[in-house]
Amino acid sequence: MQSSWKITPFLLLLLLSLILSTFSLPLESRLLGIVHNPAVPKVENHDDHFFLDDNAFRDTMLHEHNALRREHGVGQLTWDPVLANYAEAHAHKCEWGHSYGPYGENIAAHQNLGGAAWVATAWGPNERAKYDYGPGPHPIELMHFTQMVWRGSERVGCARKKCLGMNVFAPEFQPWYTVCEYFPPGNYPGQFVQNVPRPV
Numbered sequence: 366m367q368s369s370w371k372i373t374p375f376l377l378l379l380l381l382s383l384i385l386s387t388f389s390l391p392l393e394s395r396l397l398g399i400v401h402n403p404a405v406p407k408v409e410n411h412d413d414h415f416f417l418d419d420n421a422f423r424d425t426m427l428h429e430h431n432a433l434r435r436e437h438g439v440g441q442l443t444w445d446p447v448l449a450n451y452a453e454a455h456a457h458k459c460e461w462g463h464s465y466g467p468y469g470e471n472i473a474a475h476q477n478l479g480g481a482a483w484v485a486t487a488w489g490p491n492e493r494a495k496y497d498y499g500p501g502p503h504p505i506e507l508m509h510f511t512q513m514v515w516r517g518s519e520r521v522g523c524a525r526k527k528c529l530g531m532n533v534f535a536p537e538f539q540p541w542y543t544v545c546e547y548f549p550p551g552n553y554p555g556q557f558v559q560n561v562p563r564p565v
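Quick note, our numbering runs 365 ahead of the 1-based positions in the sequence shown.
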């Protein structure tokens, strides 16, 4: 018996939209190196402790920053509550984008993929592997790393917020939004060579 089932133009359009939504990333993800993986299940990760506990989050972010800076022979950062409060205010907006305030700033939107240490690794060693230590200009997606190790920066403060949606991402993407502020700020054109040395 011959089947009456047909692939209609509507079905083709529906299938195409499903394929594109599965494999495409937001433009901001591609430009800024932010992880957005719809295939990752939204389950609690064992390292969420380092997001949920204020002291653990602070200690982990400061440790990871300074461990990276030691590798490059630059001075250690100290934690600044003023910077942390500024970062918290920005993170709690759950709106993707830089604050364009008076400080250097790193931002990340991500799901449960390893907690605070994962963020610092994504900004630091992962970007460092692609950095050439030249005078620049440098790709924007590597400037989390350069700000982390910027010789002239002395203080840091970070915050995070579990967002139930963000302005530029699909509604089902409910990320942790991590923001770090730095002072003095880094990433000034023409100053990369003296402020981002090679590992010692």
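From the three backbone atoms N, C-alpha and C, an ideal C-beta is built for every residue, glycine too.
Query raised in the report: According to DSSP, which residues form a beta bridge with Cys523?
Result: Cys545
Query raised in the report: Which residues share a DSSP beta bridge with Glu537?
Result: Its beta-bridge partners do not exist; DSSP assigns none.
Query raised in the report: Who are the Cβ neighbours of Met426 in its own chain at under 8 Å, not counting the five residues just before and after it?
Result: Ala481, Val484, Ala485, Val521, Cys523 and Cys545
Report task. Pull up the distance between the alpha-carbon of Pro500 and that of Val558, whole angstroms please. Result -> 5 Å
Query raised in the report: Whole-angstrom Cβ separation of Gly438 and Pro550, contact assumed at under 8 Å?
Result: The Cβ separation is near 20 Å, so there is no contact.
**Report entry** Close-in-space but distant-in-sequence residues of the same chain around His463 (CB under 8 Å, 5 per side omitted)
**Finding:** Glu470 and Ile472
Query raised in the report: From Arg493, Phe538 and Glu537, pick the residue whose C-alpha is nearest to that of Val514; which is it?
Result: Arg493
**Report entry** Span of the alpha helix (DSSP H), counted from its first residue to its last, around Asn332
**Finding:** Because the chain is modelled from 366 through 565, residue 332 falls outside the range shown and cannot be assessed.
Query raised in the report: In terms of alpha-carbon separation, which member of Asn450, Glu453 and Cys459 lies closest to Pro536?
Result: Cys459
Report task. Keeping to the same chain, check which residues put their C-beta closer than 6 Å to that of His455; ignore five residues upstream and five downstream. Result -> Ser464 and Val544
Query - For Arg509, the first and last residue of its enclosing beta strand (DSSP E) - result: Note that residue 509 is His in the sequence shown, not Arg. Segment Met508 to Val514 is the alpha helix (DSSP H) holding His509; no beta strand (DSSP E) there.
Query raised in the report: Under a Cβ-count criterion, where at least 16 other Cβ atoms within 10 Å of its own Cβ denotes burial, should Gly440 be classed as buried or exposed?
Result: exposed
Query raised in the report: Given Gly466, which residues of its chain have a CB within under 7 Å of its CB, disregarding the five upstream and five downstream residues?
Result: Tyr451
Query raised in the report: What is the residue span of the alpha helix (DSSP H) that Gly569 lies within?
Result: With the chain represented from 366 up to 565, any question about residue 569 goes unanswered, as that position is not in the structure.
Query raised in the report: Would you call the CB atoms of Leu442 and Arg434 closer than 8 Å?
Result: yes
Query raised in the report: Which class does Ala449 belong to by DSSP, given the choice of helix, strand or coil?
Result: helix
Report task. For the beta strand (DSSP E) holding Asn471, just list the boundary residues, first then last. Result -> Gly469 to His475
Query raised in the report: Quick one, which of Pro490, Asp418, Asn552 and Val565 has its alpha-carbon nearest Gly345's?
Result: Since the first residue of the chain shown is 366 and the last is 565, residue 345 is not available in this structure.
Query raised in the report: Between Glu519, Arg525 and Trp488, which lies nearest to His509 when the distance is taken from Cα to Cα?
Result: Trp488
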